[in-house]
Structures are given as structure tokens and as C-alpha cells.
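Number of protein chains: 2
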Amino acid sequence: MARRIAERVWAPGALIPGEEVLSVEFGCARATVNRALQELARGGVLVRKRKAGTRVALHPMREARFVIPIVRQEIETKGGTYQFKLLSNQVEKASPAIAQRMGLAKAKDMLHVRCLHLSDGRPYQYEDRWVNLDAVPSIRGETFETISPNEWLVTHSPFSQAEIVFHAGTADMEEADILGVAERDAVFIVERVTFVPQKPITFVRMIHPASHRMVTQL
Amino acid sequence: MARRIAERVWAPGALIPGEEVLSVEFGCARATVNRALQELARGGVLVRKRKAGTRVALHPMREARFVIPIVRQEIETKGGTYQFKLLSNQVEKASPAIAQRMGLAKAKDMLHVRCLHLSDGRPYQYEDRWVNLDAVPSIRGETFETISPNEWLVTHSPFSQAEIVFHAGTADMEEADILGVAERDAVFIVERVTFVPQKPITFVRMIHPASHRMVTQL
DNA sequence: GACGTTATTATGTATATACATATTATGTCA
DNA sequence: TGACATAATATGTATATACATAATAACGTC
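Heads up: the sequence lines are chains A and B, in that order.
The first sequence stops at residue 606 when you use the working numbering, and every number in between is there.
The second sequence stops at residue 606 when you use the working numbering, and every number in between is there.
Here it is as C-alpha cells:
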């Protein structure tokens with residue numbers, strides 16, 4: 389069926405045969421046709437509506453999928469050797485901007501951890517993280533000498549919701565210094581807020597040098 | 389089951405009960421449990437292996453999904469009014485670098501289209517596109533006066549595979565001029581190559597001003 | 001003819017059953 | 001003890017069946 393759509397045997401916008409008909413044609417059960425059609429619909433190439441039938445999407449709003457690995461794994465998968473350097477780790481009052489980003493009404497004390505992830509000794513990602521101590525009190529004593537905050541949180545505090553933002557920016561003096569790039573150089577920024585229902589866990593800003601590539605296939 | 393994982397009733401790395409057991413516990417059929425577990429496995433919170441059983445992922449390599457809409461839809465969804473401006477549209481010989489990016493052995497004549505997409509009159513995305521005329525010969529006569537190359541291709545030539553790369557970069561003089569930003573300003577770049585099996589269709593480089601945000605939730 | 005009700009229909013979902021497949025555990029033999 | 005064949009088992013997948021649900025089509029009434 390994917391081939392038929394790709395080869396325009398079923399043109400965009402066209403109504404395709406019903407599940408019952410297709411199951412006869414392909415010599416399989418309706419449940420199997422249903423599963424296949426649902427997969428294609430999830431991928432965005434089909435639009436399904438009860439009673440109205442299934443149509444080939446007119447404007448295929450296809451969806452890309454990215455895995456969000458742990459930085460260490462990301463680096464090791466690419467064949468680099470991983471290291472990280474803790475830059476700071478202290479409890480301080482978050483700015484109103486940070487608090488707002490995490491959906492909190494007012495600023496409060498949070499754990500502020502900054503560290504640098506390196507691949508083959510070269511700066512790969514600068515991580516600037518705020519952790520809601522109410523959500524993860526046990527992080528308070530952690531020194532992050534052997535495990536990065538990223539990995540600690542992933543293994544100690546699973547989240548159920550997240551918001552991720554990607555954008556480009558320019559490195560300020562401090563960021564440039566940490567990443568080993570020139571001031572005002574372009575950087576790739578990923579910001580992520582994670583939640584358990586109704587409760588923010590952490591806000592992290594991850595900054596990569598401009599050479600970083602985020603790749604996906606579909 | 390998602391709640392049990394989030395609340396660590398089932399700890400990371402732990403083996404969870406088999407489908408048969410769960411179906412009895414939840415009072416439903418094994419097929420239903422199977423569908424639920426497969427969904428969670430796709431989301432990355434579970435790891436499943438035949439005979440070995442199902443485990444809670446130790447390092448949840450969760451995956452983010454986001455839709456790749458048509459630029460026009462992207463702008464209109466955000467509440468902007470869409471316009472586009474054709475900058476150039478001619479057949480020329482692609483550089484070896486472009487050809488290689490599309491998986492072609494040697495450079496050849498291709499359609500080179502450049503245009504600017506605007507939101508509320510302000511530059512939103514600069515699109516620099518190369519189209520393989522062998523794959524889409526009918527595009528040759530198109531003037532792109534009423535429809536953008538993006539939209540034309542989406543509706544006239546569905547693809548089955550794609551590779552997408554996101555990264556940050558700096559605007560060169562020409563790009564800066566087109567986007568209305570300063571030279572050397574940071575820009576957000578998306579590059580996409582689309583294929584039908586074994587045949588490249590188009591390579592497009594889409595450049596956004598640094599103010600652009602790409603957002604996804606999960 | 002307009003409007004509200006009912007019937008029809010395609011998809012959505014759950015179920016019991018059956019068998020395939022990959023992997024582990026076990027048993028056999030040299 | 002080690003190598004190899006064999007059995008056991010959890011997941012993977014297909015199937016027939018049944019019923020739910022939403023949207024449309026048909027119908028009847030005023």
C-alpha cells in the first residue's frame with residue numbers, strides 16, 4: 389500500500405478502498421489491514437476518518453522521529469571517547485525567567501549544575517541545568533564526580549512529559565570560553581523542560597558548537 | 389503500566405511480568421497487553437526481547453517526534469500571513485558537493501530554485517533547492533508564480549525516504565541580505581534530501597533567522 | 001422544503017485462538 | 001567438561017469474531 393501511494397496509483401486526496409475490500413484483495417484479515425493502515429496514518433501519509441473512509445493525505449504532514457540519547461551514549465555511538473567536567477554545583481535562587489520556563493509561579497531555590505561534555509577531549513556540549521529540589525530532593529547531596537547530572541537524572545527520576553526547543557544562537561563570552569569557540573560564533577542550542585504530571589523536574593540548556601549536526605532519517 | 393514505570397513500582401532494569409500474567413491482572417486479553425507494551429517499547433521506556441521478557445529501559449533512549457509541515461502551514465498555524473518570493477529558477481549544473489549529498493556519482497544538470505518564505509512580511513525561511521530532473525521531469529515548465537517549490541513537490545512527488553539534518557551556522561553575505569539579518573549572524577539550518585527507493589528527488593537547504601524556534605512535546 | 005430522528009456504514013478496539021520465532025535452559029554424548 | 005542438539009518459553013504476528021463509535025445517508029414529520 390505504501391508503494392501504491394508512492395507510485396501514485398492512489399493519488400493524494402483519493403479515497404482508498406475500505407478495510408474489508410483490501411483484506412480480500414491482499415488475502416489477509418481485516419485486523420492486519422487495519423494495523424497497516426494505522427501505521428501509515430501515524431506516519432502521516434494517510435488520513436482516516438470513521439465512516440468517511442481512508443484518504444491519501446493531501447499535504448503529507450509527515451513526522452520525523454529523533455531519539456534523545458544520553459550525551460555519553462551519543463558521543464560513544466559516534467565513536468568518540470567520553471569525558472565530562474563539572475563546572476559548578478550549588479543551590480541558588482533561580483531567576484524569574486527560569487522559574488517561568490518551568491511553569492512555576494515564583495522564583496525559588498534550586499540546584500544549579502553546570503558541566504561540560506567532551507568528545508575525544510574536545511568540547512561537545514555545555515550543559516546548564518536547574519533542578520527542582522521539591523521534585524528530586526535526593527539530588528541534594530550528589531557530587532557528580534563519577535556520573536553526569538544528565539545521566540543521574542535519567543536513571544533516578546524518570547519523567548512523563550517534556551518540552552524540547554531547538555534553535556540557533558550566538559555564544560556569549562562565557563559560553564565561547566567554555567566551548568572553545570570564538571565569541572559571537574553560532575551555536576546550536578537545545579532546551580528541555582521535563583515534568584511529572586503538574587510538577588517540573590528540571591530545565592536544561594544544552595549548547596553545542598556550530599559544527600554539531602543533528603541527523604534523522606525517515 | 390506507564391504510571392508504574394514513572395512511579396518506580398517497576399524500577400529501571402527490572403523484569404516486568406509476562407503478557408499472560410498482566411492480561412489476567414488487568415482483566416483483558418493478551419493482545420491488548422501486547423499492544424500497550426509495544427507502544428511503550430516504541431516510546432523507549434521498555435525494552436522487549438523474545439523469551440527473555442520485557443524490562444524497564446535502563447537508559448530510556450526516548451524518542452521525540454515532530455511533524456514536518458509545509459512552510460506555509462507552519463507559518464499559518466503560528467498565526468502569521470504567508471507570502472513567498474521566487475528568487476531564481478533555472479537549470480544549471482550542480483556542484484559535486486550537491487551531487488554527492490544526493491548520492492549521485494557525478495554532477496549533472498538540475499533545476500535550481502531559490503525562494504524566500506515570509507511571515508507577516510518578514511523573512512521566515514530562505515529555501516535553496518536542487519531538483520533531480522530525472523526523478524521529476526514535469527517540474528521543468530513550472531513557473532512557481534502561485535505555488536512554492538516546497539508545496540509543488542509535496543503534492544506532485546511523494547517521497548518514501550528522507551534524511552534530515554539540523555544545525556546552526558552563520559549567514560554569509562548573500563544569505564544575510566536575503567533574510568534581512570547581519571552578516572555573520574547565527575542562523576538555524578535544516579537540510580533535507582528526499583528519495584524514492586534508489587533515486588534522489590530533491591536536496592533542499594532551509595535557513596531561518598536565529599529567532600526561529602523548533603518546538604516539540606512528548 | 002427544513003428539521004430532527006433513525007439506519008447505515010467504515011473505522012476503532014477488544015477478544016480468543018493459533019502458530020511463528022528467537023532465545024534461553026536443559027539434556028545428551030564424547 | 002565442553003560441544004551440540006533439543007525442549008521450553010516469552011514475545012511477535014495473523015486470524016475470526018464481536019461490538020463500539022462517529023459520521024454520513026436515508027427517512028419521516030411538520
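For glycine and all other residues, C-beta sits at the position ideal for the given N, C-alpha and C.
When the five nearest sequence neighbours on each side are left out, the beta carbons in the same chain lying within less than 7 angstroms of the beta carbon of Ala574 (chain A) are those of Ala556, Thr558 and Ala598, in order along the chain. The beta-carbon distance between Val435 (chain A) and Ala399 (chain A), rounded to whole angstroms, is 14 angstroms. This is too long to meet the 8 angstroms contact definition.
Around the CB of Gln426 (chain B), fewer than 16 other CB atoms lie within 10 Å, so the residue is classed as exposed.
The way I'd put it, the segment 502 to 510 of chain A doesn't touch the segment 564 to 573 of chain B; fewer than three beta-carbon pairs between them come closer than 8 angstroms.
In the DSSP annotation of this structure, the continuous segment of the alpha helix (DSSP H) that includes Gln488 (chain B) starts and ends at Pro484 to Arg489. The continuous alpha helix (DSSP H) containing Phe414 (chain B) extends over residues Glu407 to Phe414. Here DSSP, grouped into helix, strand and coil, assigns Val575 (chain A) to strand. Residue pairing for Gln549 (chain A): DSSP places it in a beta bridge opposite A:Phe583. Going by beta carbons, Ile552 (chain A) and Ala452 (chain B) fall inside the 8 angstroms limit.
Chain-ordered listing is empty here: chain A has no CB closer than 8 angstroms to the CB of Ala523 (chain B), the nearest sitting near 12 angstroms. Trp540 (chain B) and Asp516 (chain B) have their C-alpha atoms spaced approximately 15 angstroms apart. Leaving aside the five residues that flank Ala493 (chain A) on each side, the residues in its chain whose CB is nearer than 8 angstroms to its CB run, in chain order, Ala487. In this structure, the straight-line span from the alpha carbon of Ser476 (chain B) to that of Phe532 (chain B) is close to 10 angstroms. Proximity of Leu606 (chain A) to chain B, defined by a Cβ-Cβ separation below 8 angstroms, is satisfied.
The alpha-carbon separation between Thr582 (chain B) and Gln513 (chain B) amounts to approximately 19 angstroms. Per DSSP, reduced to three states, the secondary structure at Glu515 (chain A) is strand.
As computed with DSSP, Arg502 (chain A) is found in a beta bridge with A:Ser476 and A:Asp516. Nearest Cα to Lys439 (chain A) within the set A:Glu408, A:Ile456 and A:Leu499: A:Glu408. Chain-order list of chain A residues neighbouring His505 (chain B): empty, with the shortest C-beta distance near 15 angstroms, by a criterion of under 9 angstroms. For Thr558 (chain A), at least one C-beta of chain B is nearer than 8 angstroms to its own C-beta. Within chain B, no residue has its beta carbon less than 9 angstroms from that of Ala485 (chain A); the closest one is some 15 angstroms off. Only those residues of the segment 575 to 588 of chain A whose C-beta falls short of 8 angstroms from the nearest C-beta of chain B are listed: Val575, Phe576, Ile577 and Val584.
In the DSSP annotation of this structure, the continuous segment of the beta strand (DSSP E) that includes Ala452 (chain A) starts and ends at Arg450 to Ile456. Residue environment for Arg430 (chain A): exposed (fewer than 16 other C-beta atoms within 10 angstroms of its C-beta).
Between Leu504 (chain A) and Val479 (chain A), the gap from beta carbon to beta carbon reaches 8 angstroms or more. When secondary structure is reduced to three states using DSSP, Ser599 (chain B) falls in the coil class, being assigned neither helix nor strand. Within chain A, not a single residue places a beta-carbon under 7 angstroms from that of Pro537 (chain B); the smallest gap is close to 15 angstroms.
Of all residues in the segment 398 to 431 of chain B, those with a C-beta nearer than 8 angstroms to a C-beta of chain A are Pro400, reading in chain order. Interface with chain A (8 angstroms Cβ-Cβ cutoff): Ile566 (chain B) is excluded. Using beta-carbon distances, Ser548 (chain A) counts as an interface residue toward chain B, with a partner under 8 angstroms.
Within 8 angstroms of the CB of Glu515 (chain B), no CB atom of chain A is found; the nearest one sits about 17 angstroms away.
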